[in-house]
Amino acid sequence: MKMIMTVIHDEDSHKLVEKLFNAGYSSTKLASTGGLLRTGNTTLFIGVEAEQVQGVIAIIKETCQTNKRISLINPPTSAMPEGY
Numbered sequence: 377m378k379m380i381m382t383v384i385h386d387e388d389s390h391k392l393v394e395k396l397f398n399a400g401y402s403s404t405k406l407a408s409t410g411g412l413l414r415t416g417n418t419t420l421f422i423g424v425e426a427e428q429v430q431g432v433i434a435i436i437k438e439t440c441q442t443n444k445r446i447s448l449i450n451p452p453t454s455a456m457p458e459g460y
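Letter 75 of the sequence shown, counting from 1, is numbered 451 in my numbering, and no numbers are missing.
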């Protein structure tokens, strides 16, 4: 038995859970928040037999999109050296 843990964007979660269910897989869904960009994410835990891992990964890859975002991050003022 293997445990797959995947962190995906909230907007992909409903479609992925539905596709996994239709393929015969169940999952546990947890809401999570990204630390750096502070965006909404979903963490899915999927328990499968070892020979099913590649099939589940294929469903994840075909359902979820990779996003690139540029973010300007300002350090907190408490982290700035004195006199800066």
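Ideal Cβ placement from N, Cα and C applies to all residues, glycine included.
Whole-number beta carbon distance between residue j and residue i, since they are thought to touch under 8 angstroms
i, j, result
"residue 381", "residue 421", "6 angstroms"
"residue 439", "residue 391", "6 angstroms"
Nearest-angstrom Cα separation, counted from residue j out to residue i
i, j, result
"residue 389", "residue 418", "6 angstroms"
"residue 379", "residue 444", "27 angstroms"
"residue 386", "residue 427", "28 angstroms"
"residue 434", "residue 441", "13 angstroms"
"residue 429", "residue 399", "13 angstroms"
Beta-carbon proximity list for residue i, same chain, < 7 angstroms, skipping 5 on both sides
i, result
"residue 401", "422, 424 and 432"
Status (buried if at least 16 other CB within 10 Å, exposed otherwise) for residue i
i, result
"residue 383", "exposed"
"residue 403", "buried"
"residue 396", "buried"
Contacts around residue i, its chain only, beta-carbon distance under 6 angstroms, and the 5 residues preceding and following it disregarded
i, result
"residue 436", "382"
Residue i - containing beta strand (DSSP E), residue span
i, result
"residue 408", "404–409"
"residue 419", "416–424"
"residue 382", "378–385"
Cβ shell of residue i (< 8 angstroms), same chain only, five flanking positions each side left out
i, result
"residue 409", "415, 416 and 417"
"residue 393", "403, 405 and 420"
Chain C contact for residue i (CB, 8 angstroms cutoff)
i, result
"residue 377", "Structure shown: chain C not included; a single protein chain is present."
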